[in-house]
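Q: A single structure is presented below for examination.
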Amino acid sequence: GAGVSQSPRYKVAKRGQDVALRCDPISGHVSLFWYQQALGQGPEFLTYFQNEAQLDKSGLPSDRFFAERPEGSVSTLKIQRTQQEDSAVYLCASSGRGQGRGNSPLHFGNGTRLTVT
Amino acid sequence: SQQGEEDPQALSIQEGENATMNCSYKTSINNLQWYRQNSGRGLVHLILIRSNEREKHSGRLRVTLDTSKKSSSLLITASRAADTASYFCVPNPGGGADGLTFGKGTHLIIQP
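Heads up: the sequence lines are chains A and B, in that order. Our numbering puts the first residue of the first sequence at 1, with every later residue one more than the last. Our numbering puts the first residue of the second sequence at 118, with every later residue one more than the last.
Quick look at the structure:
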């Protein structure tokens with residue numbers, strides 16, 4: 001596809017369940033980012049990959065959050081033992097060129113809206 | 118990390134009017150980017166302005182950058198209903214060590 005694809009579009013989980021959110025970046029894009037966006041707020045940075053290397057995971061809110069990008073393309077964000085405060089939209093973005101984070105525009109997917117009940 | 122602070126937080130204008138949003142940041146930057154987010158959608162990149170540029174245009178959008186004041190502005194001319202969205206500025210300090218942090222944005226409403 002031409003853009004960043006995220007699935008599922010919506011996810012409802014019961015508290016305590018594990019969830020896995022998928023991101024298909026634009027083909028060939030080196031950099032991949034995950035953000036968390038609460039209602040009415042701006043996106044909060046979670047983690048950053050350059051190819052398969054996770055270079056920054058400083059934004060992950062707890063050790064229940066885990067992200068991977070094993071082959072340098074598709075990425076999965078996993079949340080274990082979900083809690084109500086995890087309810088948010090999770091956005092994935094990719095960028096090309098790999099000249100350093102922030103030096104080329106981010107292309108965002110439409111996000112996965114996670115609701116924890 | 119550095120995030121931009123957008124001002125105002127909310128702005129409502131009539132269709133056809135111009136809309137101006139401002140952004141301030143704290144430390145030196147390599148570039149600054151503006152993004153738009155329509156309700157329920159992902160963010161769309163609008164403009165990237167480099168630290169050695171003072172003004173940049175893209176269609177009805179005009180972005181200015183004043184590095185001495187650590188501020189930027191986004192002007193949308195001849196606004197349309199489809200411009201209703203939240204707008205975010207993202208200052209990038211460069212160096213690959215940090216950046217790409219979003220603030221709360223300016224929520225722009227265009228009244229028909």
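C-beta atoms are modelled at their ideal positions from N, C-alpha and C, and glycine is treated no differently. Fair warning: this is a prediction, and the values are worked out from it, not measured in the lab.
With distance defined between alpha-carbon atoms, name the residue in A:89, A:50 and A:62 nearest to residue 75 of chain A.
A: Cα-wise, what sits closest to residue 75 of chain A is A:50.
Q: In three-state terms, what does DSSP make of residue 170 of chain B?
A: Of the three classes helix, strand and coil, the one that applies to residue 170 of chain B here is coil, per DSSP.
Q: Tell me the rounded alpha-carbon separation between residue 73 of chain A and residue 30 of chain A.
A: Taking the straight line from one Cα to the other gives about 8 Å.
Q: Who are the Cβ neighbours of residue 135 of chain B in its own chain at under 8 Å, not counting the five residues just before and after it?
A: 192, 193, 194, 195 and 196.
Q: If you draw a straight line from the alpha carbon of residue 55 of chain A to that of residue 45 of chain A, how long is it in whole angstroms?
A: Roughly 13 Å between the two C-alpha positions.
Q: Mind checking if residue 28 of chain A is an interface residue toward chain B, Cβ cutoff 9 Å exclusive?
A: No, its Cβ sits nowhere closer than 9 Å to a Cβ of chain B.
Q: Terminal residues of the continuous beta strand (DSSP E) containing residue 45 of chain A?
A: That run of the beta strand (DSSP E) goes 44-50.
Q: Mapping DSSP to helix, strand and coil, what is residue 71 of chain A?
A: Correct three-state label for residue 71 of chain A: coil.
Q: So what does DSSP say about residue 121 of chain A, is it helix, strand or coil?
A: There is no way to answer for residue 121 of chain A, as the model of chain A reaches only from 1 to 117.
Q: Taking just the CA atoms, how far does residue 81 of chain A sit from residue 222 of chain B?
A: Roughly 31 Å separates the two Cα atoms.
Q: Tell me whether residue 131 of chain B counts as near the ligand MN, meaning its Cβ is closer than 8 Å to at least one heavy atom of that ligand.
A: Here there are no bound small molecules, and the ligand MN is not part of this structure.
Q: How about residue 32 of chain A: is its C-beta nearer than 9 Å to some C-beta of chain B?
A: False, the Cβ-Cβ gap to chain B never drops below 9 Å.
Q: Work out the CA separation of residue 145 of chain B and residue 132 of chain B for me, nearest whole Å.
A: Each residue's alpha carbon lies about 36 Å from the other.
Q: Residue 225 of chain B and residue 200 of chain B - do their beta-carbons sit closer together than 9 Å?
A: Yes. Within cutoff.
Q: Find the nearest neighbour of residue 186 of chain B within the set B:171, B:127 and B:176, judged by alpha-carbon distance.
A: The shortest Cα separation from residue 186 of chain B among B:171, B:127 and B:176 belongs to B:171.
Q: Taking all protein chains shown into account, do 16 or more other C-beta atoms lie within 10 angstroms of the C-beta of residue 118 of chain A, making it buried, or fewer, making it exposed?
A: Outside the modelled stretch of chain A, which goes from 1 to 117, sits residue 118 of chain A, for which no answer is possible.
Q: If I'm right that residue 89 of chain A touches residue 112 of chain A with Cβ under 8 Å, what's the distance once you round it to whole angstroms?
A: Rounded, the Cβ-Cβ distance is 7 Å, consistent with contact.
Q: Could you pull out every unbroken beta strand (DSSP E) segment of at least 3 residues lying fully inside the stretch 195-227 of chain B, listed in chain order?
A: Taking only runs of at least 3 residues, the beta strand (DSSP E) segments lying wholly in the stretch 195-227 of chain B are 202-209.
Q: What does a CB cutoff of less than 7 Å around residue 143 of chain B pick up in its chain, not counting 5 residues either side in sequence?
A: Around residue 143 of chain B: 119 and 187.
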